[in-house]
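Residue numbers (full-length UniProt numbering): 1 to 331. From the three backbone atoms N, C-alpha and C, an ideal C-beta is built for every residue, glycine too. Structure first, then comments.
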Amino acid sequence: MRIARRGRRAIGRQQAAREDRPIIVVSRLERRFGEVIALAGIDFTVAAGEVVGLLGHNGAGKTTTLRLLLGLLAPHGGTIRVFGMEPVVAGEAIRARTGVVGEQVGLDERLTAREILTFFADLYDVPPAVQRQRIPLLLEQFGLADVADRRVATFSAGMRQRLALARCLLHDPELLLLDEPTTALDPVAAHQVRELIAERRREGRTILLATHNLDEAERLCDRVIILERGRVLVEGPPRELAAALGVPAQLSLEVDPERGAEALALLERSGAAARLEPEPGRLTVERVTRRQVPELVAVLVTGGIAVYGVSLRTPSLEDVYLALHQRAERR
């Protein structure tokens, strides 16, 4: 693990084959809104074909970062390069190669799905011959073929978000910038949208996903960047962050239901932070390393208690985020 400038930690870079030059390079990026510091000198890169999650609570700097990448805001310090270009100078060229989906999808409710895709295909200068093939294909891929000629005013939130994703792919962009794409969707619609994003990942698209949904990021992203108050706290592959930061696992044990209290006493005497669960014979031990598991089982077996089940729950991205947040609050 490398300790970087301003305490940022960069963990486990992806080793898969990527293009030599990253699609996005951000260095010491700063942005203020009056007296409010939105970004305080952040650094990160996104390689070609990589899916990177930009995580943080509301106000952490995620949307501001995306707007800077598109050239919709000017930085107050640092540098940004997207496709090797500076967004404030070449924003139009960058946007022509980028697909964008925001929390607010911005669809004209008076138009049909097909009309919206045709309108935006014209804006992106997609040739008519390509449109005739691509629009029906996108409608089919995104589950909208049967409602293609219905007005968007009749669409559910999930259908609108799927249409927004289809719209952002009309010009076959090299980069996708997705800002909270599943916010305000019901669980079924959110699952459908995540599956569509996962399909784009399998196609090898480069994606920067801004979200505060940690489960979503853990499922979809090769690497995550966690922001807190405009600073990068940590970055790395989700599965490696917990180990690198020392976030402990949780052990679940199943013993003879009649001897749960005895098992608890044995574990506590060994120094383990254990507790009995409401279900008879179930115990949970907090802050456990993988090496401690056989030792704790041996404590019970040596004490004459049969162990019927052992399950080690590795820390999730949510556990990592909460641990980082608690550390930041203590500073």
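Separation of Gly59 from Leu324, as counted between CA atoms: In a straight line, the C-alpha of Leu324 is about 17 Å away from that of Gly59.
For a test of the three-state rule: what should DSSP assign to residue 389, helix, strand or coil? Lying outside 1 to 331, the shown extent of the chain, residue 389 is not represented and no answer is given.
From the DSSP output, in three-state form, read off Ala40 for me. Residue state, collapsed to three classes: strand.
Is Ile94 closer than 8 Å to Val82 when the C-beta atoms are compared? Yes, the pair counts as a contact, with Cβ atoms nearer than the cut-off.
Alpha carbon to alpha carbon, what distance is there between Tyr321 and Gly246? C-alpha of Gly246 to C-alpha of Tyr321: approximately 12 Å in a straight line.
How big is the Cα-Cα spacing for Pro181 and Val301? Approximately 50 Å between the Cα atoms of the pair.
Is the number of C-beta pairs between the region 60-70 and the region 109-121 that are closer than 8 Å three or more? With fewer than three CB-CB distances shorter than 8 Å, the region 60-70 does not count as touching the region 109-121.
Less than 8 Å between the beta carbons of Ala38 and Arg28, yes or no? The Cβ-Cβ distance between Ala38 and Arg28 does not fall below 8 Å.
Out of Ala272, Leu117, Gly260 and Glu268, which has the shortest C-alpha to C-alpha gap to Glu279? Each of Ala272, Leu117, Gly260 and Glu268 was checked against the Cα of Glu279, and the nearest Cα belongs to Gly260.
Alpha helix (DSSP H) runs contained entirely in the region 89-145, provided each spans 4 or more residues: Listed in chain order, they are 113-123 and 128-141.
Looking at the structure shown, is Thr183 part of a helix, part of a strand, or coil, going by DSSP? In this structure, Thr183 counts as coil in the three-state DSSP scheme.
Can we say the region 155-174 touches the region 115-128, given the rule of at least three CB pairs closer than 8 Å? At 8 Å Cβ cutoff, the stretches touch.
What would DSSP say about Ala166, mapped onto helix, strand or coil? It is helical.
Work out the CA separation of Glu240 and Leu305 for me, nearest whole Å. Note that residue 305 is Ile in the sequence shown, not Leu. Distance between the alpha carbons of Ile305 and Glu240 is about 35 Å.
Distance, Cα to Cα, Gly99 vs Ser316? Approximately 30 Å, taken between the alpha carbons.
So for Thr79, helix, strand or coil by DSSP? If DSSP states are grouped into helix, strand and coil, Thr79 belongs with the strands.
Just how far apart, CA to CA, sit Val152 and Leu139? C-alpha separation (whole angstroms): 13 Å.
Check this for me: beta carbons of Leu220 and Leu208, under 8 Å apart or not? No. Outside cutoff.
Evaluate the contact criterion for the region 183-191 versus the region 218-237: three or more CB pairs, one atom per stretch, below 8 Å. Taking 8 Å as the limit for Cβ pairs, the verdict is that the region 218-237 does not touch the region 183-191.
Out of Gly71, Ile135, Leu144 and Leu176, point me to the one whose CA is closest to Gly53's CA. Among Gly71, Ile135, Leu144 and Leu176, the Cα nearest to that of Gly53 belongs to Leu176.
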